[in-house]
Amino acid sequence: MLTYAERGDGMPNDPTRSHLAAMKGDGFYNRHSSMQATGIAALLSLLETACRTVVIGEGPLTIVDYGSSQGRNSMTPMRVAIKGLRFRSSPSVPIEVVHTDLPSNDFSALFEALVSDPDSYMSEASDVFPSAIGRSYFEPLLPPQRVNLGWSTWALQWMSASTIEAPDHILAGMSTAPTVVSAVTKQQARDWERFLTLRSREMRPGAKLVAGFTARTADVTGWEWLLGELRSAVCDMRMDGWLSEREKNHLTIPIGLRTLEQIREPFIQAETFADLVLEHLDLVKITDPCWEQFETSGDVLAFAKDHADMTQAWCGPMIASLIEPSREPAAFVAELFARFERRLSECPRPHEPYMAAVVLSKRA
Ligand SMILES: C[S@@+](CC[C@H](N)C(=O)[O-])C[C@H]1O[C@@H](n2cnc3c(N)ncnc32)[C@H](O)[C@@H]1O
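Residues in the sequence shown are numbered from 1024 upward in steps of one, following our numbering.
Here it is, written out as structure tokens:
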């Protein structure tokens, strides 16, 4: 039976694919992504294990960071990966580190961080060669069998297209409308299979891929409070005439949150999928770094601002792209996040999302 990816559903030239926005630019995401960094810290032991067990040969080694954004959160994991692989190979073996993201990503911030961030993995590296690819990872990115080690954090919850409209939530994956739930589930299944198929082709036999991305339990997403307030701020703006009902429904962020069962699904029938084995899968609850600061400082306005900035960093550009140009998207987004921040300051809670921790290996 052909997989979705092999049948070619949603191929690259499909115009619906173009409507994806990257993170807020000018290094804004780099400065406002401490929640994501907390989740990454929880993945590092899996990365270290992968470095110890991945098959490596004699020649140059390739590490790929899928959905890198502006790079700051990649510094620690890439340093860990370089150190882990270097330990097992000859000291002079060249290691290339390839960061990939959407073409609209702020790659300048990434290259700047590689040079000037005190935490840059390049600061003590020799024979390490960083580069970047601006292309969706739902397309082929590298020649066959090039990759030794893959890494991807907080990216795979994004869907490959923005075609779903939810009448009851700003996040497609948090809608409870049956037609939306069904459409999101199907899209996420297709996207997962496509990602796996494409990555498998790029991986060398014995290569591994470590990924962490937003997921959910069967009952809760962990985003109820935060995105419930964002949704309420949108509804307030609808009431105040900033947008019509049709425009409000169109304002649906193309993110779905998979359960562990949905992530495991392609591997159930034959235990492998596209020559990949699911070595590890679990659900990690992420603690809220802003809440810890708030408990110490008691500064509710700082707490609300941190969360508003962090949220705007990942979804501000997407929201702007979904607003009709005649509505002045920049002004709309500024007003939305001001209202959102006010709401957060009125009812502070810890934001504790779930992350699926996944390790895949390609059959040797
Ligand atoms: C929340 S950021 C995560 C960035 C970084 N990996 C981290 O953990 O902080 C998600 C990233 O995934 C990227 N992304 C989303 N869909 C993508 C796709 N189809 N292809 C490549 N990158 C994608 C976004 O542009 C964004 O930079």
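Yeah, the Cβ is synthetic: ideal placement off N, Cα and C, and Gly gets one too.
Alpha carbon of residue i to alpha carbon of residue j, nearest angstrom
i: ASP1088; j: TYR1144; result: 13 Å
i: ASP1298; j: GLY1082; result: 23 Å
i: ALA1327; j: ASP1259; result: 18 Å
i: SER1091; j: ASP1263; result: 38 Å
i: PHE1110; j: ILE1118; result: 12 Å
i: VAL1207; j: PRO1348; result: 27 Å
i: VAL1356; j: GLU1270; result: 14 Å
i: PRO1167; j: SER1223; result: 9 Å
i: ASN1171; j: GLU1302; result: 16 Å
i: ARG1054; j: GLN1292; result: 43 Å
i: ASP1242; j: VAL1138; result: 44 Å
i: SER1384; j: ILE1086; result: 14 Å
i: PRO1114; j: THR1099; result: 20 Å
i: GLU1225; j: GLN1316; result: 42 Å
i: PRO1376; j: ASN1128; result: 24 Å
i: LEU1067; j: VAL1078; result: 19 Å
i: GLU1294; j: LEU1165; result: 26 Å
i: THR1244; j: ALA1060; result: 19 Å
i: ARG1254; j: LEU1274; result: 10 Å
i: GLY1279; j: ASP1124; result: 19 Å
i: ASP1049; j: ILE1276; result: 22 Å
i: SER1368; j: ARG1169; result: 48 Å
i: THR1202; j: ASP1191; result: 12 Å
i: ASP1140; j: SER1320; result: 27 Å
i: ARG1366; j: LEU1250; result: 11 Å
Residue j beta carbon less than 8 Å from that of residue i
i: PRO1228; j: ALA1387; result: yes
i: SER1112; j: LEU1084; result: yes
i: GLN1210; j: ILE1193; result: no
i: PHE1218; j: MET1378; result: no
i: ARG1261; j: GLU1268; result: yes
i: ALA1200; j: ALA1184; result: no
i: LEU1133; j: ALA1155; result: yes
i: GLU1288; j: ALA1212; result: yes
i: THR1394; j: THR1220; result: The requested residue 1394 does not occur in the structure, where the chain is confined to residues 1024 to 1387.
i: ALA1195; j: LEU1306; result: no
i: ALA1363; j: ALA1325; result: Going by the sequence as given, residue 1363 is Phe instead of Ala. In this structure, ALA1325 does not lie closer than 8 Å to PHE1363 by Cβ.
i: TRP1406; j: MET1197; result: Shown here, the chain extends from 1024 to 1387; a query on residue 1406 therefore has no answer.
Opposing strand residues paired with residue i [DSSP bridges]
i: ARG1281; result: ALA1238
i: TRP1215; result: Note: TRP1215 sits in no beta bridge, so no partner.
i: TRP1181; result: ILE1278
i: TYR1377; result: ALA1238 and LYS1308
i: LEU1383; result: LEU1232 and LEU1301
Three-state secondary structure assigned by DSSP to residue i
i: HIS1122; result: strand
i: LEU1043; result: coil
i: ASP1049; result: coil
i: ARG1350; result: helix
i: PHE1290; result: helix
i: LEU1397; result: Outside the shown range of the chain (1024 to 1387) lies residue 1397, about which nothing can therefore be said.
i: PRO1153; result: strand
i: ILE1187; result: coil
i: SER1057; result: helix
i: GLY1229; result: strand
i: ILE1086; result: strand
i: GLY1173; result: strand
i: GLU1302; result: strand
Sequence-distant residues of its chain with Cβ nearer than 6 Å to residue i (five each side left out)
i: LEU1359; result: ALA1256
i: SER1344; result: ALA1044
i: GLY1031; result: Since pLDDT at GLY1031 reaches only 36, below the 50 mark, its modelled position is unreliable, and no value is offered.
i: PRO1373; result: ASP1311 and TRP1314
i: VAL1233; result: LEU1069, LEU1070, ALA1073, TRP1174 and VAL1382
i: SER1097; result: ASP1088 and SER1091
i: GLY1339; result: LYS1047 and VAL1356
i: ILE1346; result: PRO1352 and PHE1355
i: GLY1095; result: Checking the sequence shown, residue 1095 turns out to be Arg, not Gly. Closer than 6 Å at the Cβ level, and outside the excluded window around ARG1095, lie ASN1053 and ALA1136.
i: PRO1371; result: VAL1323 and PHE1326
Own chain residues within Cβ distance below 7 Å of residue i, not counting five before or after
i: PRO1126; result: GLY1157 and ARG1158
i: ALA1336; result: MET1046, LYS1047, PHE1051, TYR1052, HIS1055 and SER1056
i: ASP1214; result: PHE1161, MET1182 and SER1183
Cut-off 8 Å between Cβ atoms - residues of its own chain near residue i, not counting five sequence neighbours on either side
i: MET1333; result: HIS1055, SER1056, SER1057, MET1058 and CYS1313
i: ARG1350; result: TRP1265, LEU1266 and GLU1270
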